[in-house]
Structure formats: structure tokens, C-alpha cells
Amino acid sequence: MAISEQRVILKHVDEPGYDPGIECYVRHGGYETLRKAVGMQPEEICRGVEVSEVRGRGGAGFPAGMKWKFLDRKSGKPIYLICNADESEPGTFKDRQIMHKDPHQLIEGMMVSAFAIQAALAFIYIREEMPQAARILEAAIDEARARGFVGEDILGSGYSCEIVVHRGAAAYICGEETGLIESLEGKRAYPRIKPPYFPAALGLYQCPTIVNNVETLCHVKHVVAIGGEAFARTGSPGNTGTRIWCVSGHVQRPGYYEFECGALTLGEMIHDVCGGVHPGRSLKAVIPGGSSAKILRADERFTGKLKDGTEFDWGLNDIPLDFDSLMACGSMSGSGGIIVMDDRVDMVEALANINAFYSHESCGQCTPCREGSLWMKKITKRMAEGGARTEDTDLLLSIGDQIAGRTICAFGEACAWPTQSFVSKFRDEFLAKASEDSGKRKGLRLV
Amino acid sequence: MATITIDGQSYEADPSANLLQAALTLGFDLPYFCWHPALGSVGACRQCAVRQYRDEEDTTGQIVMACMVPVADGLRCSIVEPEAAEFRAEVIEWLMSNHPHDCPVCDEGGECHLQDMTVMTGHCKRRFRFPKRTFRNQYLGPFINHEMNRCIQCYRCVRFYGDYAGGSDLVAMAAHNHVYFGRHEEGILENEFSGNLVEICPTGVFTDKTLKHHYSRKWDMVSSPSVCSHCAVGCNTIASTRYGSVRRILNRYHHDINGYFLCDRGRFGYTFTDAADRLRRPLLHPDRERDVETVAEPAEAMKRIREIFSEATGVAGIGSPRASLESNYALRNLVGSGRFSSGLPRIEHDATTALLEAMRNAPDGPGSLRDAERADAVLILGEDPNNTAPRLALALRQSVRNEPIRADAGSRIPRWHDRAIRDFVQDRKGPLFIAWPASTRLDDLAAGTHRAAPDEIARLGFAVAHAIDPQSPAVTDLDDSASDLASRIARALKEADRPMVVSGTALRSPAIIAAAAATVHALRRTGSGGSSFLAVAPEANTIGDAMLEGAPLETLEQQLESGEVDTLVILENDIYRRLPAPATDRIISKARRIIALDSIATATTNRADVVLPAGSFAESDGTFVNHEGRAQRFFQPLPPAGDVLEAWRWIGRIAAETGTSKQNEWDRLDRVLTALARDCPELAPARDAAPDAAFRANGQRFPRAPRRFSGRTSILSHLSVHEPKPPEDSDSPLSFTMEGHSGQPPAALVSHYWSPGWNSSQALNKFQSEVAGPARGGDPGARLIPGNGPNERPSTAIPAPVPDDDQTLLAVPCYEVFGSDELSARAPAVAERIPKPYVALAPTDAEHHGLDSGDSLNLLIGELRVSAPVRLDPKLPPGLCGIPAGMPGWSVPHLPARASVVT
Ligand SMILES: Cc1cc2nc3c(=O)[nH]c(=O)nc-3n(C[C@H](O)[C@H](O)[C@H](O)COP(=O)(O)O)c2cc1C
Ligand code: SF4
Ligand code: SF4
Ligand code: SF4
Ligand code: FES
């Protein structure tokens, strides 16, 4: 392997002898950053996070410092911090590494963040299907509380904050931040409509609330540890710090790998880090940011201008792995889940699989997503099973086009993007299904 | 007003509205599902999409949901823009993908909002080629039919039932494309406002089960504007008929009263008009003691009446709170005001008189349901609205949101943004205090309750008045918890912008009403502005009857005793429900002759010498005066058939027959109203409750039959192909056919909501001056009681504390929404919901008497023996027992009274 990992968040994880207990964590310098933080002014920490330009790792890549700045501090209401640990985007398995193997890092990150925003209470909303992680976190919080890192008068600072672990309601939509908040309030996880619901102003129980991803909160710890300016110098401009990429699919060494943003290209990740596709196979396509990200074709050319004005002309392998480059290529880094597909993959089947997931996970609140995702699923399923019709390809596109941008929450895009991108980029494969299959339609039977 | 631009044209619009509301008010046909004028917006269905532009320069714009866009100066949007229009059609395509397309067999068909919106968007070509989703339907009780496959997941039902009406047994279940709206298991929908689902649901999922039993399409029904006859709220309704029977009741919008909603008693109680015990022919009882009756021709009955009158030494009339103003007045005129009884026993009569006084003295006159909905602090003194004035309870349920919303004015969330407001308010509730002996179904909202005997409730009320204004006399010997509560209530009422006190006759206590009035006046004296007094009365025309100032039944008994009177004319009143049977028997046996008029057979009509079949609300025109002193006209959807006549018309005929007045003097509604106005100046405005019979638009009457009516020439073809002459109507400007004025009539004459492209009841939008605003041309009815300004000093006779009494229980009346009303209880669907007889008892008292829930309890109340199973009510204070009022078959009149437990 030509490139070696740049582990920050996962620094100790997987080291022989490293365990999730507090002793081990403290031995490795744990909670020193919290000690440092409570000696600082909260505003100073917030400024550091802003300067660091650290972006959210949950999907949208929104700068954490800016989100924190939107907090409505004038309302006089309590401020809440929620750690989004609902990690359920297919292809994503990074947060669970942290929670299972280094829970105190998350707790420290959360307490530093909580102190910075002066949260009255912090929550970890954890995916219901990760019961083991929930137990680990609860045990870790107890340990941390016993040592004065969580709870009353943290490290003698006079600041107090508890962490509540809340097991999720077992639906993908519970990861959408406003759905998460509704669920935490005990209701069905129907995402809220923005405006007026920007959680930083009207969040949990209508109080100002910050929702951040597990990985994001861990980064906050490192921002404070090394300082915002220093952090801003890691990664690439506007894409600071490291990211944990989860590579799955048809590579020889799937797994999670941490690198500074922009430190390597997608090609390097697939071929060098993960050992490339299996012998005798060739790369066909990559979904770079969790199953909802738009798919990239192996033979596609990506041209355009980056934010700073530089022009680019990349093949798939040339795309730098960071937020902005993938966005410039019409997809996204999303949740960091890179799904690699080799030439064995039937694109119609792959899309049918993805559509089955999204149609099942639609919360059912708004029409385009509830009905549209199901319809797309039914069409792709039928196509995959040999019942394609000539009109299906265009029909799929037309449904996807009507959903994206017209729903209550971003699930609309999440369920439309796969269809939109698969069908337009692999149009021939979809059309071919129809011509193969249109002759095969069986005789109709009423019963 | 804000100036907005829609498709290049500029318009004025209300900045407190959203764009959808504004567009509908301006007359645009913009489709919608999840938004409802009373429920607000949640932005879920995505049907109301338009393209919005930032400014004049912006030509790209963005697709937005009109129901989520606040109207603001400079707002620019396009409804016709092709992409937006295409998206709206796509939403219909999605919604219809799993819809069963069973319109021909769907009760909603032809008046379906989904059909209308489908046509409006132009979607017509199906591309969804898959089998459809199939749900399992549920049995939901006698009122509502469930057909889930037709659901379009707009969430209106659960938003109404749960969020708005406080019901907990209808919810959204499951997720994604399987969201299911129903109960956790099959069973009767508990909430007494469930019937509104029929109109709330834009498709045929929830439909009227009573209609299903005698179904007709909307376009085949002949309808008229009516007023609910089942309580004093006076909700406006549309009564629809076919083949001579009433087929259903729909809501008729009244901005100040019922708005968009009715209670289930009002919606489903109508079938009493067709029940087996309806009177349709005159009856003679040759021997009153023996139960033998003969059917008579009207002329024969009249002849008998003439004989009775000529033999009589004196004739007295017993009026009725369920008979129209016209009928009561005609009777009073027939017998003379000195011999006219309100038809109420003294105990109810005195409370009603006190209530009327309080209404007249209220600073701004009696309050309306709309006032209740807007109130931000409420004290209910001695009423149980869910059971005595159901629609009021729904209004009060909304009122508790006002204070939390106002308290956080900074949030700037518009009122129509229902999702945000509800999340914002969460469980916070404004002050609502309830003083009532037992638990009520508003208790879940209450900031405080006082459960006590009627006199103690009055004492609490006076204590509140004193705490507000020390000029009001203090209450001595009040216990600590009551006096704490009184000061909490006083504080809440004083701090409110729109405090309201609700009180009425339910406990038959003039002292409670006086205490409520004292509180309202104390508030007014101490400077609170819009303080309001809301009066609750039991029956549709209790207030109108009281305004005619008849005497209580006991006075008649004396007149009979003294021989001054020996003959009774009893109008639509079963006096066995008003007095204990022994007392009623005495009155009946002292009367030498009795003439009874009623639409239903009762214990009283069974003892009359002559019974005349009177029209129910469905065969009569007339006026009810509701709880706020508003005279409201109801019109017959059916011409009286056979021998049935409006009671006032019968009485006019009796007057002519017996020489009391000239023939023709009383044979027109308008003539009765003119005489009434002359005799009773306070009631004179009742004439203006609706246009008179001569009123026309362009010389035309207003059709009762819809324009799509298809029965004109075919409905009787099984009998004869000759089309009979349509019935004439001498009492109203309505016609019985579809001919007549095709434009909108004045609100008092609206027989159906329909507008081109709008076949469902949501055509109502087109009948309002603005969406959810007053009716075009003003809401119907005439307020009779203007109020008396701030100066009046109400009575301050504070009752003494209720003494401890180990020997007896104080039996108080309690009420059942299904059961306590005489007429609706005869409707089969309502009858299914009537609870079994019971006596409510505090657990400690039950234990004291060695009784458990369900055990039989025998009580002696005066001369009446009462026996019923025990129902334990842990909220009931010891020493009291609750007996449901007016229950069919075992009514226990004349409470409160002392009761002793006997074996
Ligand atoms: C449908 C949907 C599902 C989501 N699921 C997750 C999730 O499982 N975990 C997560 O961290 N963020 C998820 N997000 C993103 C969150 O809404 C939110 O943006 C994020 O938690 C913010 O944290 P960050 O700024 O630290 O990334 C999801 C968003 C959508 C629209
Ligand atoms: S887009 Fe989908 S998940 Fe989001 S609110 Fe609408 S139905 Fe629910
Ligand atoms: S049952 Fe009716 S009201 Fe309820 S969601 Fe379905 S269509 Fe809407
Ligand atoms: S019973 Fe009363 S509350 Fe119910 S609909 Fe009739 S008038 Fe309205
Ligand atoms: S009516 Fe606007 S989204 Fe449903």
C-alpha cells in the first residue's frame, strides 16, 4: 500500500491492547482536552470551531462552527446538544467504530461541545439496531461521571451537563435531524418543515438545539486540542481535518480508512488503499457518499470549475476525496460510504435494491416521497425480475425528477438521486432490459 | 393588506393568511388536501404547489407549497406556470396510484374532494401498472364507516380527531406507503365529534353510516338550511331528504357558532324523524285511563277540540323548550299569557329565568362559541360542556392554546402553521378551570378543577368575584383549597385579554349563575376589556321559551287545583320527563281534558284526549333562540306529508276553529312573526333571522333541490309517469325543486354548498367573504340580547356552606351527550351509544354502603324510587351521587334533591 492512513479519530482504535474503558482512554491522554476546554471561555471554543472550518460528517457537510453560531441564545431557553448516532445510510459504518471501540472520545467531544454551546443537557440518539453500542456508551458515561467528566460541576468548572442515551425508533428517517428531534420528543419521526424549524433556533422541545454527527463531535475535541487555526491547516482548504471513509463492495480490502480530506483521490482509495477490484474484474461504478449519493461511472469525465475558480477535468480515479470535489462532480461525500461496483453488477438490480430500501424507509408524511419511492421501487423490481417495459426508463426518470426538491425533508433527494443518476448514466442498460424482456410477458390471468 | 402578484396580476391579500388561503379567497382554483381552513397547514400533501419568484427580475423562481407561504407585500407567484401545474397533476397521479377507483360504489362519489381536485389538476392518464395496496377496514361503531383503501394519506383525520378534538383512539399507524388511519383495534370511535371525519376526510374513507342505511347521492337529495334541534348551541345544519325522509345532516357554516364542525348528537340524531314512534295521524283517546287510541281524520279531531274548548272552564297552555318560538308564541296567544307555562318545573324554570337575567345583564351580551374559541382564560362554573353543549367543548378545547401562543409572541410563527404551532405549544395549556361535581371530558385540559355540590360551586364563583374585585362580597367559611383555587382563577382571569366565564342551568342553581355573573361584572369593573359571559342552556329553544315568560308547571297545577283551569293544551312537551311521575300524574288527572301536539309519541301524548301530529324540524319552518340569544330560522326540507302540520299552524287552526282568532290570521309563518314582534318587543328582531317568504332574487325563489337533481321526472315513476305539481311553500322564499335563482342565496337560505368544479362540501370556500371568515353577506340569525353595559350589579345572595349529612346523599343531575337529549335518543344510531342506567357514586360512599361497581343501588328521592347499578367515579366528592338526566325510559327529573339509600 503506497499510501498510509492518517488516523486522528481512529488513532488508537484497533491498536492492540486498546480497550473502551476509561482507564485506557485516560492513559492515552483522554479528557485532557476537556480539562483544557473548561478552562477556556465557551465563546473562545466556538470561535476555534468556526476557524477550524470543520464540516459536519453526517451527510450535508455543513460547517459546524456556523451551525453553532445560529444558536438562538437570546431566547433564554435551555440549549440542547444532540449527538446523531442513528447511522443508517447504507454503506456507512464509521460511527459505530467510534462508539464500540472508543466511546470516551465521543463523550469527551460531546462534553467539550456542550460546554462550548453551554448546553443544559446532551443526548445521544443511537440507532436502535446498535444495542451493544448503547450499552457501551451507557457504561462509559457512568465511568466518566464517576470521574467528574460528565454530570455535576464538570472538573470543578461549575458547569454541569448530563448525557442521556436514547435508543432510536428503528427507522432510517430518525437520522434526519428534525425527525430525530420529533422521535426524541416521543412522537412519530415525521421531519419538520423548514422554516421555522431550524433546530438551532427551534429544536428539541422548541428550544435551541445543536444536532451533530458522532464523527463531527469527535473532531471538535481535536479542534480544541490543537487549536482552530492548526486544524484548519489539515486537510485541504474548506475541507479541513480527516474523514473516515467506509469502503464496501467489490474491492479486495473493504473497510474503514481515515485520511485528511483531499489527501488522496478516489482512485487511490480504491486501487491503492483497498487493493482494487478482484482479479479479472473491472471497475464499473462508484457511489461515493452512502447509497443516496449520485452514482459515478468508471468511464465518466468530470469537468467544471471548483469554488475557487480552478478548472478541472477529471476521470473517476482523479477525484480528490473531499467535500467540494465530489460535489463539483455532481455527487457528494455524504456520509463517507464509498460503494464500489465491478462489471458483474447489473445496474437495474442494484437500483432495485437501493429503491427497496428507500421506499421502505419513507416516513409516509409527504406524497412525492411516500408514493414516488414506492413506485420507483416497484418499477425497478419488476425490471430486475424480467418484466421491464419500454416506457419504464423514462417513467423512472420522470418520477425521480418530480420528487427531488419537492418534499418536506431531504429524504426526497435521497430517494430520487439514485434513480436519477443510475437511469441517466446507465440508460442503455435500462433500455436493454426492456427490449430483452418485452417479448417475455406472460399471459394475463385474473386469478 | 399586502399587495401580492399572482400570474402577473396584483391583488390585495391578508398578510396574516397563507398564500393558499389568499388564492382561494381571491377565487383561484388551487387544489389542496392537507390544509383545512380550521386545521391550518402542515405542508404534507404537496398538492398546492405554485411557483414563487423572488422579485420582478427573477424568472426562474422556485416551486413552493402555497399553504406554507406567508402572504407578504411584494409576494410574486404563478399558479399556471407549466412545471407547477404538471407537478400538481403528478401529485394526483401519485395519490391515485393505489386508490381503488371505486367511485361508483363509494358514498363520497359525486361530492368528493379528491374527484374535484383530480379534475382540477387535469391528471387523467394512468401510468402506474401495478396491483393496488389493500388494507383491512375496521368496524368503528354506528356512526362512521371505514374504507381505508380510499385513503390518500392527507392526515386530516388524525389532525382533527386527535389534535383538534382531543380524541385518542384514532391514530396514524405504520409507515411509508402503508400508513394506516384507524383504531388500535376495531371498536366504537369514542370521541363525540367523530362525525366530522365524514366532512374532514377528502375521500370516502370515513363516511356517514347512518346515510349508508338509506343512501342517496348528494345531487338526488332535496335540502334546506336547518338548525340543530338537540341542544341550545344551535349549530347550523343542512338537512337533506329523499322520498319523504331525512337522509343526513351536514354542517352549515356559521362563523360565530359551529364554524366547520358539529357534534355527533347533532349529526346523527336526525333519524328520530323517521322512528317508529313518530306521530303522523291525529289520535283520539276516548278513555284516558285506558290505553285505547283511535286514529282520526283531522276534521274529526278538530271537531273534538271545538267541543273540548266549548265545555272548558279555562284552558291553559304548556309550552316547550324544544318547540319553536312561533309554536310557543302561538300557544301563548291561544290561551293568554296568564295561562301560559314555559313547560318547565320550577326548579328548572328559576334557573332558566336567572340565566336569562344574567344574559340580559351581561356587559356585552352573551358570548358566542367563537368568543369561547378565542378566549385566553376560561372558568366553567357548573356546566359539563361535552355533554350539555357539545360543540362548545370543542371550542373550549381550542381556547387553551391561546395563552401559550400569546405568551410567546416573539416566536412569530403564523397561526395557520399548524405543525409548527402545535410543536411550539407542546403540552402547554392556557388557564381553563372547571367547577362541576364529577369528572368531565375537558379535565385533561384543566389548570384546576373544583368538584363539589352546586352550592359550593356557587360559593367558589362568588369567591372568585371577590378576589377579582373586593367590592364583590366575600365568601365566609370557604375551605383553604377552594379559596386558593379562587385566587388562582381570579389571577388568571384578570391577566387575560379575553377572559370568559361559562355557566348555565345544568345544576339548576340560580346561585351558580349569579356567581358567574358576579365574576364577569367584577372583571369588567376592574378594567378587563372583553370579558365575556357564555350562557349554556339545555334545549334548542330554552332561551326563546324563557323569553316568552310563561309560568312554571307548578303554577298550572295550582290553577288546576283552584278550578280556574280544567283543560290543557300541551305543546311538544313530555311533562313526565320534567316532573316525577306521581306529580305529573296529579296534573294529568286533574285536567279534565288534554290536547297534545307533538311529533313523537310520549308518555304525555299517551294520556291526552286528542293528539295532533306536529312536524319535526324536518317538516317545519320556525325559529329557535340559541344559548347566546340568537334567533335562528330553520326551514323544512320536506313539505309536511299526510296529516302532519307545523305545531304553530295547528294552533292557528285551533284558534280559528274555537273562535279565538280569525281564519287565516295564523296560517303564514310571517304572520305569526309579525304578531310576535308586536306583542314582544324584545323578540321583534327574530323576524329578521332570515328573509321573509316574499323575498326573491330577480323574482326567483331559491331551490332546495340541487341543480344536478335528477329525480324531478323519474322519482315517482314507479307510481305514475305523470309528474305531480311541486309542493308550494307559503312560508319561505325556498322552492322544493331545482328551479329558481342559480346564484348564491343569502347565508340563511343556503341549502347546499356547490360551485362549478367544487362538488364536495369544500365548495364552502366560495360562500365565505374570505376563507374561514364570515359568510358572504353576513352570517345568519338575529341577536336578541344586546347586553347591558358595565353598570348592572347582579345578585349577590351567597349560599351557605353545604352542611355535612351522614344520612342522605345529594343527588345531582349529570348528563350524557348520547341519552340526555330527548329527540336524538330516539335515533337508532344514537341509541346504540346511550349508556346503561347508572348512579355515579364516590368510592368511599359506595364502600360505606357496602356496594361495588355494578351493584344495584336503591334510592328514595322525594316520592320517587330510583334503582340503578353503581358506577364508581373517584372524582365525585363523598356525599354526592350523580344521576344522568333525561335518559330514555328511566328519567329522574327534579334534581338536585336529597336521596336516601334504601334496600
Ligand atoms: C433522510 C436523512 C437521514 C439522515 N440520517 C443521518 C444519520 O443517520 N446520521 C447522521 O449523522 N446524520 C444523518 N442525516 C443528516 C442529519 O439530518 C444532520 O444533518 C446531521 O446529523 C447533522 O450533523 P453534522 O452537521 O455533524 O453532519 C440524515 C439526513 C437525512 C435527510
Ligand atoms: S420526504 Fe419522505 S421522509 Fe421526508 S418527510 Fe416527506 S415522506 Fe417523510
Ligand atoms: S382517512 Fe381520509 S382524512 Fe385520513 S388520511 Fe386518509 S384521506 Fe386523509
Ligand atoms: S347537539 Fe348542540 S352542539 Fe351538537 S350539533 Fe346540535 S346544536 Fe351543535
Ligand atoms: S395543501 Fe399545501 S401541502 Fe397539502
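Residue numbers (this note's numbering), protein chains in the order written: chain B, 28 to 474; chain C, 18 to 920.
Note that beta-carbon positions come from the ideal geometry of N, C-alpha and C, so glycine has one too.
Quick caveat: nothing in here was measured; it's all calculated off a predicted structure.
Cβ-based burial, residue i [other Cβ within 10 Å; buried from 16]
| i | result |
| --- | --- |
| Arg433 (chain B) | buried |
| Gly336 (chain B) | exposed |
| Ser111 (chain C) | Inspection of the sequence shows that residue 111 (chain C) is occupied by Trp rather than by Ser. Classification for Trp111 (chain C): buried. |
| Lys334 (chain B) | exposed |
| Asn378 (chain C) | buried |
| Asn953 (chain C) | Because chain C is modelled from 18 through 920, residue 953 (chain C) falls outside the range shown and cannot be assessed. |
| Asp281 (chain C) | buried |
| Ala176 (chain C) | The question names Ala, but residue 176 (chain C) is Arg in the sequence shown. Result: buried. |
| Leu736 (chain C) | exposed |
| Phe384 (chain B) | buried |
| Ala249 (chain C) | buried |
| Phe147 (chain C) | exposed |
Interface flag, residue i vs chain B, CB-CB below 7 angstroms
| i | result |
| --- | --- |
| Leu433 (chain C) | The question names Leu, yet the displayed sequence has Trp at residue 433 (chain C). No, no contact with chain B. |
| Trp111 (chain C) | yes |
| Ile96 (chain C) | no |
| Val196 (chain C) | yes |
| Arg167 (chain C) | no |
| Val88 (chain C) | no |
| Pro374 (chain C) | Note that residue 374 (chain C) corresponds to Glu in the displayed sequence, not to Pro. No, because no Cβ of chain B sits closer than 7 angstroms to the Cβ of Glu374 (chain C). |
| Phe441 (chain C) | yes |
| Arg68 (chain C) | no |
| Leu131 (chain C) | no |
CB contact check: residue i to chain C, cutoff 7 angstroms
| i | result |
| --- | --- |
| Cys436 (chain B) | no |
| Ile151 (chain B) | no |
| Glu398 (chain B) | yes |
| Pro497 (chain B) | For residue 497 (chain B) there is no data in the structure shown, the boundaries of chain B being 28 and 474. |
| Gln429 (chain B) | yes |
| Arg280 (chain B) | no |
| Lys104 (chain B) | no |
| Arg433 (chain B) | yes |
- Message: Residues of the region 173-194 of chain B in Cβ contact with chain C at a cutoff of 9 angstroms, in chain order, please.
- Response: Legend: CB atoms of the region 173-194 of chain B lying less than 9 angstroms from CB atoms of chain C are not found in any residue.
- Task: Please list the segments of the alpha helix (DSSP H) lying wholly inside the region 356-413 of chain C, counting only runs of 4 or more residues, in order along the chain.
- Result: Uninterrupted alpha helix (DSSP H) stretches at least 4 residues long and entirely within the region 356-413 of chain C occur at 363-378, 386-391, 402-405, given in chain order.
- Message: Going residue by residue through the region 544-587 of chain C, where are the continuous beta strand (DSSP E) segments of at least 3 residues, counting only ones entirely within it?
- Response: Listed in chain order, the complete beta strand (DSSP E) runs (minimum 3 residues) inside the region 544-587 of chain C are 549-553.
- Task: With a floor of 4 residues, list each alpha helix (DSSP H) that falls wholly inside the region 369-454 of chain B, ordered by position along the chain.
- Result: Runs found: 374-388, 394-411, 419-430, 438-452.
- Between the region 218-241 of chain B and chain C, which residues of the former have a C-beta closer than 9 angstroms to a C-beta of the latter? From the region 218-241 of chain B, only Arg219, Ile220, Pro222, Pro223, Tyr224, Leu229, Tyr232, Gln233 have a Cβ closer than 9 angstroms to chain C.
- Within the structure, which residues are defined as neighbours of ligand 2 by a Cβ-heavy atom distance below 6 angstroms, reported in chain order? My final list is B:Ile200, B:Pro218, B:Ser389, B:Cys390, B:Gly391, B:Gln392, B:Cys393, B:Cys396, B:Arg397, B:Thr434, B:Ile435, B:Cys436, B:Phe438, B:Gly439.
- Message: Can you pull out the residues from the region 381-395 of chain B whose beta carbon lies closer than 8 angstroms to at least one beta carbon of chain C?
- Response: Taking 8 angstroms as the Cβ-Cβ cut-off against chain C, the residues of the region 381-395 of chain B that qualify are Ser386, His387, Glu388, Ser389, Cys390, Gly391, Gln392, Cys393, Thr394, Pro395.
- Message: Closer than 8 angstroms between beta carbons: that is the criterion. Which residues of the region 38-64 of chain C meet it against chain B?
- Response: So the list reads Val59, Gly60, Ala61, Cys62, Arg63, Gln64, given in the order they occur along the chain.
- Message: Extract the residue ranges of the beta strand (DSSP E) inside the region 255-286 of chain B, only unbroken runs of 3 or more that lie entirely within it.
- Response: Runs of the beta strand (DSSP E) lying entirely within the region 255-286 of chain B, each at least 3 residues long, are 269-276 in chain order.
- Item | Inside the region 223-277 of chain C only - alpha helix (DSSP H) runs reaching at least 4 residues | At a cut-off of 4 residues, the continuous stretches assigned as alpha helix (DSSP H) that sit fully inside the region 223-277 of chain C are 226-229.
- Query: At a Cβ cut of 7 angstroms, what residues of the region 400-429 of chain B count as close to chain C, listed as they run along the chain?
  - Reply: Within the region 400-429 of chain B, the residues whose Cβ lies closer than 7 angstroms to any Cβ of chain C are, in chain order, Leu401, Trp402, Lys405, Leu422, Gln429.
- Query: Which runs of the alpha helix (DSSP H) spanning at least 4 residues fall entirely within the region 463-521 of chain C, listed in chain order?
  - Reply: You should have 471-485, 497-512.
- Within the region 177-217 of chain B, note down every full alpha helix (DSSP H) run reaching 4 residues or more, in order along the chain. If we require 4 residues or more, the alpha helix (DSSP H) runs fully inside the region 177-217 of chain B come out as 204-211.
- Check distances from the C-beta atoms of the region 192-223 of chain C to those of chain B and list, in chain order, the residues that come in under 9 angstroms. Per Cβ criterion, the list reads Ala192, His193, Asn194, His195, Val196.
- Item | Residues of the region 650-679 of chain C with Cβ closer than 7 angstroms to any Cβ of chain B, in chain order | For the region 650-679 of chain C, which is checked against every Cβ of chain B, not one residue is closer than 7 angstroms.
- Of all the residues that make up the region 520-538 of chain C, which are near chain B by a beta-carbon distance shorter than 9 angstroms? If the cut-off is 9 angstroms between Cβ atoms, the region 520-538 of chain C has nothing near chain B.
- Interface positions of the region 135-168 of chain C facing chain B (Cβ-Cβ less than 8 angstroms), listed along the chain: Per Cβ criterion, the list reads Arg144, Phe145, Arg146, Phe147.
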